[in-house]
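Residue 119 in this note's numbering is what sits at position 119 of the sequence shown, and the numbering runs on without skipping anything.
Just below is one structure, and these are the notes that go with it.
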Amino acid sequence: MGGAVNEFPADDWPSLRTAEWTATRNTLHMWLQIVGKIRMAHAPMINHWWQTTLYVTPRGLSTSSIPYRNSVFDMEFDFFEHRLHIRASDGRSRSVPLVAQPVAEFYTRTLEALDELGVATRIHGTPNEVDPAIPFARDREHDSYDGEAAHLFWRQLVQAHRVLQVFRAEFLGKVSPVHFFWGAMDLACTRFSGRTAPPHPGGIPNCPDRVMTEAYSHELSSCGFWPGGGDEGAFYSYVYPGLDGFGDSQVRPDAAHYSAELGEFVLPYEAVRTAADPDAELLDFLHSTYESAARLGAWDRDTLVRRPDDR
């Protein structure tokens with residue numbers, strides 16, 4: 001793909017079959033982890049590891065500005081030009097092509113590009129939240145890249161991001177940005193009750209328990225989109241700590257169901273894509289699952305959520 005795009009496509013909610021891009025998805029996941037770890041190496045700590053995430057942009061996924069000494073730089077996956085752009089605040093830039101290549105080659109090219117910009121960087125060179133975790137420098141197994149599939153995935157993220165932003169804006173309490181976690185490769189938005197939570201038990205593959213302890217330090221209701229868990233990916237909603245009766249809650253729409261294996265409600269992406277009003281279908285899921293969590297968890301719903309007439 002690539003080149004100029006003169007108008008938005010008619011099928012705003014694109015179809016992307018998981019089975020058709022699994023190899024590309026798994027390779028891209030490792031590339032995203034490398035760039036996310038670079039941001040983590042330089043950005044100051046923010047609660048729940050929010051300083052490590054990526055953000056949906058009009059062209060792809062970006063780190064936003066990363067501090068480095070007395071300057072800043074950013075890194076953006078551009079799914080139109082199919083390049084990783086690295087831009088420094090002194091006006092210099094470098095790019096790494098997004099083409100079929102082993103993770104090891106992408107890793108080397110990316111660190112070399114940073115070196116050329118004078119951004120000295122060391123990261124933990126093994127991926128997190130996957131098993132097996134092949135060190136980036138030795139990973140020649142993941143080497144696929146279908147540019148059209150990557151572009152379609154980004155378009156899925158654009159639609160999910162739009163609706164999650166609406167949902168986020170309704171909450172008056174502590175709420176995360178709508179951001180992309182490269183560990184699990186999901187777009188997420190998290191609401192908090194304001195109360196602390198019991199320590200997370202950890203046990204996530206190739207992820208230190210302290211990471212999960214910080215991520216789940218407070219009671220929360222989290223939702224988002226993950227490019228797995230369904231024929232075309234899935235939307236999800238869960239609570240921490242778990243609540244008795246949450247999995248038995250009556251939520252909407254009818255296509256949503258509770259996965260005991262995952263411990264969360266799941267709504268297939270294709271159910272939203274094919275709905276008469278996809279935005280309303282997804283918002284119904286987000287609202288109904290949050291209401292169940294807030295009711296069972298005794299959240300102060302009257303003061304935490306903005307009334308429609310206050311918007």
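Beta carbons are placed, not taken as given, at the ideal position from N, Cα and C, and that holds for glycine.
These numbers come from a predicted model, not from an experiment.
Beta-ladder partner(s) of residue i, from DSSP
i      : result
Cys223 : Cys189 and Ser237
Met75  : Ile86
Ser259 : Glu264
Pro58  : Beta-bridge pairing links Pro58 to no other residue.
Arg94  : Ile86
His179 : Ala188
Pro201 : Answer is none; Pro201 lacks a bridge partner.
Tyr145 : Tyr145 is not bridged to any residue.
Pro67  : Val72
His218 : Thr196
Asp231 : Gly233
Residue environment, residue i, which counts as buried when at least 16 other CB atoms sit within 10 Å
i      : result
Ala120 : exposed
Val99  : exposed
Gly60  : buried
Glu116 : exposed
Ala293 : buried
Leu172 : exposed
Gly224 : buried
Gln165 : exposed
Gly229 : buried
Ile38  : buried
Ala280 : exposed
Glu261 : exposed
Thr196 : exposed
Gln33  : buried
Ile46  : exposed
Reduced DSSP category for residue i - H, G, I as helix; E, B as strand; rest coil
i      : result
Ala293 : helix
Arg155 : helix
Val99  : coil
Val305 : strand
Phe171 : strand
Glu270 : helix
Between the CA atoms of residue j and residue i - distance to the nearest angstrom
i      : j      : result
Glu112 : Gly183 : 23 Å
Leu296 : Trp154 : 35 Å
His200 : Met212 : 6 Å
Trp299 : Asp209 : 27 Å
Asp90  : Val72  : 9 Å
Leu157 : Val35  : 18 Å
Phe106 : Val272 : 34 Å
Trp13  : Leu220 : 28 Å
For the stretch 97-134, which segments carrying the alpha helix (DSSP H) assignment without a break, of at least 4 residues, lie completely within its bounds, in sequence order?
The qualifying runs are 103-116.
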